[in-house]
Structures are given as structure tokens and as C-alpha cells.
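S.K.: My structure is below; once you've seen it, I'll send some questions.
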Amino acid sequence: LLDENNISYSKKEIHVIQAVFNLEQIVDGDPENMAGDPGKLPLAVVSDAEIAGMDVPKGDVIFSGYTDLLQKFMALKETGAV
1 LLDENNISYS
11 KKEIHVIQAV
21 FNLEQIVDGD
31 PENMAGDPGK
41 LPLAVVSDAE
51 IAGMDVPKGD
61 VIFSGYTDLL
71 QKFMALKETG
81 AV
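Letter 36 of the sequence shown, counting from 1, is numbered 36 in the UniProt record's numbering, and no numbers are missing.
Written out as C-alpha cells, the structure reads:
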């Protein structure tokens with residue numbers, strides 16, 4: 001559609017995998033009130049090698065797309081094991 005309308009763009013492919021995480025130790029609140037099981041939560045994973053300027057230490061994770069709205073449904077602690 002962009003080509004058909006002569007709209008310029010750039011394309012970057014990022015490899016994404018799905019993994020199941022146990023977030024029980026970082027969920028702030030009662031897991032019983034969550035819609036899903038925080039012990040088996042599927043999330044998209046991207047390597048920091050795919051993102052220019054990003055270097056996440058081994059054993060660490062960074063959550064992206066965690067908005068104020070999502071925080072109302074699933075508040076997360078600042079630190080904890082996943």
C-alpha cells in the first residue's frame with residue numbers, strides 16, 4: 001500500500017520469539033485478581049543485539065510497552081526474579 005501510494009519508508013526486521021515467564025515474584029498485588037496466571041505468562045522476547053544502543057546485562061530483562069493502563073491491571077515491582 002505504501003509503494004502503491006509512492007510513500008517512502010524504511011524497513012527493519014527484528015527477530016521476536018515467544019517465551020513463558022514466571023512473574024509471581026515481581027507482581028505487586030494479589031495474583032488472584034489477575035486475568036491470567038502470573039506464573040505462566042507468555043511474552044514476546046527480543047535480544048538486545050537487535051536494538052541499537054541497547055546493552056542489557058546478562059540475567060537482566062527490560063519490559064517494554066508497560067503503560068500506565070497496563071499497570072492498573074498488573075502492577076509490577078521494580079526488581080525481582082523472573
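Note that beta-carbon positions come from the ideal geometry of N, C-alpha and C, so glycine has one too.
Note that the coordinates shown come from a computational prediction; the quantities given were computed from them, not determined experimentally.
Tell me the DSSP bridge mates of VAL56?
M.R.: None; VAL56 has no bridge partner.
S.K.: Counting along the chain, where does the beta strand (DSSP E) carrying GLY43 start and finish?
M.R.: Residue identity check: residue 43 is Leu in the sequence provided, not Gly. First-last of the beta strand (DSSP E) with LEU43: 41 to 45.
S.K.: So LEU43 and ALA19 are in contact, right, with Cβ under 8 Å, and what is the actual spacing, rounded?
M.R.: Right, their Cβ atoms sit about 6 Å apart.
S.K.: Quick check on DSSP: helix, strand or coil for PHE73?
M.R.: Helix, per DSSP.
S.K.: Please report the residue range of the beta strand (DSSP E) in which ALA19 lies.
M.R.: It spans 17 to 21 - the beta strand (DSSP E) in which ALA19 sits, taken as one unbroken run.
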